[in-house]
Structure formats: structure tokens, C-alpha cells
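Chains as they are written, first to last, in my numbering: chain A, 1 to 102; chain B, 103 to 274.
See below for the structure under consideration.
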């Protein structure tokens with residue numbers, strides 16, 4: 001039991017750090033780094049649930065592959081937006097991107 | 103009793119947390135990217151400790167590449183990539199710290215309060231894991247896997263469309 005709880009606590013702390021980063025940073029690339037940390041924490045949870053609760057359920061490992069896909073896509077689309085912002089306004093600081101508000 | 107697995111889980115877990123924290127604590131963008139790379143590698147090592155060998159190796163390889171690309175983008179787009187000017191690029195710090203701490207405490211509380219039932223002791227070995235994951239992908243989760251593939255294609259097209267130069271498209 002202590003193995004599962006340890007993995008969940010590690011993931012919780014990483015998620016908290018990622019959330020702090022995503023909320024506190026003004027730079028687009030740094031915000032993306034926070035999101036990556038949160039997704040990493042979610043993947044630790046999924047692997048821990050697979051290993052310690054349901055090692056026969058490989059849909060949990062499949063879920064990790066989907067989370068990795070989401071991480072890669074978040075990076076690709078995020079950098080595309082950063083490239084466009086840098087072209088149009090010369091910066092990727094999100095405090096100077098108020099016009100993107102819906 | 104403290105097992106070897108628990109010791110390595112704690113070591114790599116602390117490494118992931120420490121490097122994750124360092125990402126936001128340095129003013130050098132290059133160091134931030136390298137810290138995130140180290141944190142992701144530590145997460146991959148955690149997967150290996152939890153005996154998910156395929157996912158661990160995949161995580162280390164994928165994140166190694168992605169974070170290297172991220173470091174290049176950081177240097178391209180930052181005015182001060184080395185952090186020599188000690189620029190502060192953060193806002194609403196107190197709210198962010200409060201949100202991070204509250205969410206962490208809530209998740210840990212939920213993890214401790216939940217009755218997780220019996221812990222599995224029997225699990226497939228590395229070869230069997232790969233075979234079973236392959237069968238999962240090709241049978242029950244095939245639609246999910248195909249959807250992930252199509253989503254990557256859509257993401258690639260969307261990224262190129264977003265990053266295209268507006269000036270050139272306006273001239274045409």
C-alpha cells in the first residue's frame with residue numbers, strides 16, 4: 001500500500017508545482033512547461049494504478065500513451081502559437097496578449 | 103518494511119519534484135528547459151521502477167527530444183535566454199502558490215482517505231506486458247489509438263496553419 005500512496009503523493013506534489021507554474025508565469029513557453037508537469041503527474045498516477053491495483057488492465061497503459069500524445073500535441077500547437085505571436089508582436093509574453101481574450 | 107522499490111520510488115520521485123521546482127525558480131530559460139528535461143527523465147525512471155518498462159523507455163526518449171526542441175524555442179523567443187538580466191516573468195504569485203498548495207493538499211488527502219483495496223502482487227513480466235499492450239492496442243483500444251493518430255495529424259496541420267506567415271498569405 002505504501003508504494004501506491006508514495007507514487008500518488010509524488011504525483012500530487014508535481015501537479016501542484018505544475019499548477020503554480022501554469023498560473024504564475026507570464027511567458028507562453030513557461031506556461032506550457034507547467035502544463036507538461038501536470039500531465040507528467042497524471043501519467044505517474046495512471047502507471048501507479050496499473051501496477052499496484054489492476055496489472056491485468058492494459059487500458060491504463062493505453063491511457064498513458066494517449067496522455068503522451070496530448071503532451072506532444074500541446075507542445076506542437078503551443079509553439080505554433082508562440083511563433084505567430086512572436087511574428088506579430090515580437091514577444092511571447094502573455095500579459096501583452098490581452099486582445100486574445102474571447 | 104521498506105523495500106528496494108520504495109527506496110528508488112522515493113529517490114526518483116524527489117528528483118522529479120526537485121527538478122520540477124527548479125523549472126520555475128531560475129531566471130535562465132535554458133536551465134528551465136534542462137530542469138524540465140531532468141524532471142521528465144526522472145518520471146520515466148519512476149515508470150521503470152514501477153516495472154512499466156516500455157512506457158518508461160518511451161517517456162525518456164520522447165521527452166528527451168521534446169525538451170531539447172523546447173530549449174531551442176526558448177532561446178529563439180526570449181530576450182534574455184541566459185537569465186543574466188534577472189527578469190521577473192511571473193505574476194499573481196500569491197494566488198498561484200495558494201492554488202498549488204491547496205490542490206496538492208486536497209489530492210494527497212483524497213489519496214490517503216481512499217480505501218484502495220488489495221495491492222496486486224502478481225503482474226506480467228516485460229515481454230508479456232509488451233504482448234498484452236500490443237493486443238490491447240490492436241483489439242479493444244484500436245479506435246482510441248486510431249483517434250490519437252488522427253489527432254496528431256490534425257495537430258500537425260493546425261500547427262502549420264497557425265505558424266504560417268500572415269504577411270505572405272495577405273499578399274496573395
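Even for Gly, the Cβ is constructed at its ideal location relative to N, Cα and C.
Is residue i helix, strand or coil by DSSP?
i: residue 129 of chain B; result: coil
i: residue 25 of chain A; result: strand
i: residue 93 of chain A; result: strand
i: residue 192 of chain B; result: strand
i: residue 228 of chain B; result: helix
i: residue 219 of chain B; result: coil
i: residue 73 of chain A; result: helix
i: residue 156 of chain B; result: helix
i: residue 58 of chain A; result: coil
i: residue 30 of chain A; result: helix
i: residue 113 of chain B; result: helix
i: residue 233 of chain B; result: helix
i: residue 106 of chain B; result: helix
i: residue 243 of chain B; result: coil
i: residue 1 of chain A; result: coil
i: residue 68 of chain A; result: helix
Exposed or buried, residue i, counting other C-beta atoms within 10 Å across all chains shown (16 or more means buried)?
i: residue 194 of chain B; result: exposed
i: residue 227 of chain B; result: exposed
i: residue 27 of chain A; result: buried
i: residue 211 of chain B; result: exposed
i: residue 255 of chain B; result: exposed
i: residue 224 of chain B; result: exposed
i: residue 87 of chain A; result: exposed
i: residue 51 of chain A; result: buried
i: residue 236 of chain B; result: exposed
i: residue 83 of chain A; result: buried
i: residue 17 of chain A; result: buried
Taking 9 Å as the cut-off, decide whether the C-beta atoms of residue i and residue j are in contact.
i: residue 198 of chain B; j: residue 97 of chain A; result: no
i: residue 9 of chain A; j: residue 250 of chain B; result: no
i: residue 177 of chain B; j: residue 131 of chain B; result: yes
i: residue 147 of chain B; j: residue 55 of chain A; result: no
i: residue 264 of chain B; j: residue 80 of chain A; result: yes
i: residue 32 of chain A; j: residue 90 of chain A; result: no
i: residue 41 of chain A; j: residue 22 of chain A; result: no
i: residue 165 of chain B; j: residue 139 of chain B; result: yes
i: residue 134 of chain B; j: residue 30 of chain A; result: yes
i: residue 92 of chain A; j: residue 260 of chain B; result: no
i: residue 70 of chain A; j: residue 19 of chain A; result: no
i: residue 141 of chain B; j: residue 173 of chain B; result: no
i: residue 67 of chain A; j: residue 111 of chain B; result: no
i: residue 231 of chain B; j: residue 3 of chain A; result: no
i: residue 14 of chain A; j: residue 37 of chain A; result: yes
i: residue 1 of chain A; j: residue 218 of chain B; result: yes
Touching or not, the segment 47-59 of chain A and the segment 197-217 of chain B, by the rule of three or more beta carbon pairs under 8 Å?
At 8 Å Cβ cutoff, the stretches do not touch.
Evaluate contact between the segment 151-167 of chain B and the segment 38-47 of chain A, counting only Cβ atoms and requiring at least three cross-stretch pairs below 8 Å.
With the cut-off at 8 Å, the segment 151-167 of chain B and the segment 38-47 of chain A touch.
Stretch pair the segment 154-173 of chain B + the segment 121-130 of chain B: three plus CB contacts closer than 8 Å:
At 8 Å Cβ cutoff, the stretches do not touch.
Can you list, in chain order, the residues of the segment 104-135 of chain B whose Cβ is nearer than 7 Å to any Cβ on chain A?
Those residues of the segment 104-135 of chain B that come within reach of chain A (Cβ to Cβ, closer than 7 Å) are 107, 108, 111, 112, 115, 118, 119, 122, 123, 125, 126, 134.
Using a Cβ-Cβ cutoff of 9 Å, what residues of the segment 252-269 of chain B are near chain A? List them in chain order.
Listed by position along the chain: 253, 254, 256, 257, 258, 260, 261, 262, 263, 264, 265, 266, 267, 268, 269.
Between the segment 229-240 of chain B and chain A, which residues of the former have CB atoms less than 7 Å from a CB of the latter, in chain order?
Taking 7 Å as the Cβ-Cβ cut-off against chain A, the residues of the segment 229-240 of chain B that qualify are 234, 235, 238, 239.
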